[in-house]
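Once you know that position 84 of the sequence shown is 94 in the working numbering, the rest is easy, because the numbers rise by one and skip nothing. For glycine and all other residues, C-beta sits at the position ideal for the given N, C-alpha and C. Structure first, commentary second.
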Amino acid sequence: MKKIGLIKGLGKFGRVTFPSELRRTLGIKGSESYVEMSIENEAIIIEKCGESKPCAITGKVSDKNKVYIGNIVLSSEGEKILLQQLIDIKKQIE
11 MKKIGLIKGL GKFGRVTFPS ELRRTLGIKG SESYVEMSIE NEAIIIEKCG ESKPCAITGK
71 VSDKNKVYIG NIVLSSEGEK ILLQQLIDIK KQIE
């Protein structure tokens with residue numbers, strides 16, 4: 011892992027702003043890009059995601075996620091959760 015020697019403070023709400031040079035280098039374009047965060051030992055790992063978008067229900071990012079009408083993105087797990095909720099609602103109505 012390459013360290014860039016940059017120390018940033020957390021904002022009022024615990025947010026970190028990525029410097030513009032870092033965003034340009036990685037091709038991160040504000041709300042059009044996604045990053046995945048994980049913890050490894052004592053380090054917070056932030057990785058740029060590909061063009062994939064997160065599932066609207068589970069938040070999981072995968073190139074297997076599907077985009078539906080209205081630009082709704084669902085993973086296979088998200089599809090199952092949504093389907094079960096729709097079935098439950100249908101049962102309540104009947």
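- Query: DSSP three-state call for Glu31: helix, strand or coil?
  - Reply: Walking along the sequence shown from the start, residue 31 turns up at place 21. It is helical.
- Task: Can you say whether Asn51 is buried or exposed, counting buried as having 16 or more other CB atoms within 10 angstroms of its CB?
- Result: Counted from its first residue, the sequence shown places residue 51 at position 41. Result: exposed.
- Message: Per DSSP, what are the beta-bridge partners of Ser48 in this structure?
- Response: Counting from one through the sequence shown, the residue named residue 48 turns up at place 38. Looking at the DSSP assignment, Ser48 forms a beta bridge with Ile55.
- Query: How would you call Asn75, buried or exposed, if buried means at least 16 neighbouring beta carbons within 10 angstroms?
  - Reply: In the sequence shown, residue 75 corresponds to position 65, counting from 1. When all chains shown are included, Asn75 counts as buried.
- Item | Met47 beta carbon less than 8 Å from that of Ile38 | To locate residue 38, count along the sequence shown from 1; it is residue 28. To locate residue 47, count along the sequence shown from 1; it is residue 37. Against a cut-off of 8 Å, the Cβ pair of Met47 and Ile38 comes out as no contact.
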